Amino acid sequence: MKLERACTRRNFISQSAAVGAGALAATNLAAAADKKASPIKIGLVGCGGRGTGACRQALLADPGAKLVAMADMFSDRLEGSLERLQVLPAITDRIEVPEKKRFVGFEAFDKLLASGVDVVLLATPPHFRPAHLEKAVTAGVHVFAEKPVAVDGPGIRSVLASCQLAKKKKLSVVSGLCLRYSYGFQELVRRLQDGAIGDILSLQANDYRGSIWYKERQPDWTDMHYQMRNWYYYTWLSGDFNVEQHVHFLDVCSWAKGAYPVKAIGMGGRHVRTEKKYGNIFDHHSIVYEYADGARLYSNTRQMKGCKSNLSAEVQGSAGRARFSERRNGVTLDAKGKDLWVYRGENNDVYQTEHDELFASIRSGQPINNGEYMAKSTLLAIMGRMATYTGQEITWDMALNSKEVLGPEKYEWGPAPTVRIAMPGLTKFI
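Per the working numbering, residue 1 is the first one in the sequence shown, and the count goes up by one each step.
In structure tokens form, the structure reads like this:
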């Protein structure tokens, strides 16, 4: 179970070959046997590595699923994604995306939605998630929403409203917070909530990883082209990596706790991301969250080359400790240095399982709605970023009701939002 695996052509094909037959057999056998099952028409929105991977998993989840439309800001990304999908034997005969259903640019999503789809896979930069979710639900379309689902407070409020509407319309909304679909993590959370380590006193979320990709500027790119190609480095597009990436283990901690914090204070900055090309995101965040009962969540994340990696969460209780880790045998309970329990069950592919459950819910007419936790866990991460950017204590209500809207007033291939690097103590909460 590896988070955010690189999606090169080579490992994409090898991963697909490994899971193809098994995943198809492990999903809905009844549907697989029924060759006349009505098709589920998929629209892929955002054709990067994660979107392409999500589309592969969606097609493997249901033998009646078909990819019928694609949308992206850039034609080369769309065509590259389509090429990678078309070479996979397990799904190639269910990829039916003619030229007229390959949509590019800022209007691409609206055109895809109007083309006739049953489910959309939302995998664009997170800035666009609230608007896309609202439009999809309004149109009566099921949704897979990659994490995170917003970059600011107004976006979170929009997502919460859209997910309430989805419930009324009996639409499935499945979140890309994939660790919620880990069998090992699910079992450990059940044990914690049954009191396996007593009262939960503190939690720790760790996400230490190396540096990431960067796209060199091309002569014909406008400022907006450049920022969109390098979306990860701009807070208005990604939310900063405390939101875009660290949200996974922040989500695990509040899932284990069964509650969300009421306030946060923290620090962060740019030790190694000092060049202009790194936009305005930080390279480290350290945040202390506090729950209503006084328990604390210690959140630490960094992205620096050459440093030790650690992707995990720990929970300290009055009678022991729990650990959530992606490594094998890394889901454990212990007390006084001795193991109380180690998960030995199936280490399922969480990326596949979330799609298996989404498509099974569509077939059964029993919708899944992950809306509340995907919105609240994203807000948890945004609250932390607000604390590190401003240097102030930020409460849950402050973050939720914030009036700060990140992004341009209009979308066009010209000027881009001004790049301002946060200065704690000077940057104001809005």
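All C-beta atoms, glycine included, are put in the ideal place defined by N, C-alpha and C.
Predicted model only: the values in this text are computed from it and were never measured.
In terms of alpha-carbon separation, which member of the options lies closest to residue i?
i    : options                : result
A69  : A61, E79, R50          : E79
S238 : G64, T378, Q392, D397  : T378
I432 : Y343, G317, S81, L311  : Because the chain spans 1 through 430 in this model, residue 432 falls outside it and cannot be assessed.
L67  : F74, M73, R77, T52     : T52
I281 : T388, V252, V350       : T388
P367 : V141, P261, K170, M267 : K170
E409 : M374, M224, V331       : M224
A264 : M383, K41, Y278, A61   : M383
G414 : Q227, V331, D76, S162  : Q227
A375 : E404, K305, L358, L133 : L133
Q316 : A399, Y234, Q204, E99  : Q204
G49  : L85, I42, E314, P63    : L85
G365 : P417, K167, P219       : K167
G140 : M423, A114, Y278       : A114
G198 : L165, A322, N300       : A322
T395 : F74, P261, V243        : P261
H492 : P417, A422, M423       : An answer regarding residue 492 cannot be provided, because it is not within the stretch 1 to 430 covered by the chain.
R217 : R191, K277, A37        : K277
L340 : A319, T92, L400        : A319
S38  : D397, F106, P63        : P63
W236 : M398, Y411, D293       : Y411
Q193 : A259, A131, E146       : A259
R88  : N300, C55, G330        : Residue identity differs from the one stated: residue 88 is Leu in this sequence, not Arg. Among N300, C55, G330, the Cα nearest to that of L88 belongs to C55.
T427 : R385, P130, Q303       : R385
DSSP three-state label for residue i, please.
i    : result
M70  : strand
T301 : strand
N242 : helix
K428 : coil
R420 : coil
F103 : strand
G80  : helix
L192 : helix
A259 : coil
D223 : helix
T274 : coil
G153 : helix
R56  : helix
R217 : coil
R344 : coil
I281 : coil
R50  : helix
E314 : strand
R328 : coil
K41  : strand
S202 : strand
T124 : coil
G184 : helix
K111 : helix
E290 : strand
Return the chain-ordered list of same chain residues with a C-beta closer than 7 angstroms to the C-beta of residue i, the five sequence neighbours on each side being excluded.
i    : result
K215 : R229, N230
Y183 : G345, E346, N348
G279 : N230, Y233, Y234, V419
K41  : K66, V68, G116, V117, D118
S254 : Y260, S377, L380
F324 : F185, L188, V252, S312, A313, V331
Less than 8 angstroms between the CB atoms is what I'm expecting for residue i and residue j, so what's the real figure, rounded?
i    : j    : result
G46  : L122 : 7 angstroms
L179 : H248 : 6 angstroms
S402 : I430 : 6 angstroms
D76  : L177 : The Cβ separation is near 29 angstroms, so there is no contact.
K257 : Y291 : 7 angstroms
A240 : E404 : One detail in the question is off: residue 240 reads as Asp in this sequence, not Ala. Actually they are not in contact, since the Cβ atoms of D240 and E404 sit about 13 angstroms apart, beyond 8 angstroms.
N206 : A313 : 7 angstroms
V432 : S158 : Residue 432 lies beyond the range of the chain shown here (1 to 430); nothing can be said about it.
P148 : V243 : 5 angstroms
H285 : G266 : 6 angstroms
G431 : M73  : Residue coverage of the chain in this structure runs from 1 to 430, which leaves residue 431 outside it and unanswerable.
V342 : F185 : About 13 angstroms; that fails the 8 angstroms criterion.
E326 : Y181 : 13 angstroms between Cβ atoms; not a contact.
Excluding the 5 residues preceding and the 5 following residue i in the sequence, name in chain order all residues of the same chain whose CB lies nearer than 8 angstroms to its CB.
i    : result
W221 : R229
L358 : A58, A61, V119, H142, F144, S172, V174, I368
A295 : I200, L201, S202, L203, K257
K305 : G210, S211, V272
E372 : L160, C163
A421 : The sequence shown places Ile at residue 421, rather than the Ala named in the question. Excluding residues within five positions, the ones whose Cβ falls inside 8 angstroms are R270, N280.
Take residue i and list the residues in its own chain whose beta-carbon comes closer than 6 angstroms to its own, dropping the five residues that flank it on each side.
i    : result
A71  : V45, F103, A108, F109, L112
G425 : G391
S309 : Y208, R209
A196 : L333
I156 : A150, A375, L379
Y289 : P261, A264, L297
Quick one: is residue i near chain D, going by C-beta distance under 9 angstroms?
i   : result
A54 : Chain labels in this structure do not include chain D; a single protein chain is all it has.
Quiz item: Okay, do the stretch 323-343 and the stretch 260-276 touch, 3+ Cβ pairs below 8 angstroms being the bar?
Solution: No: fewer than three Cβ pairs fall under 8 angstroms.
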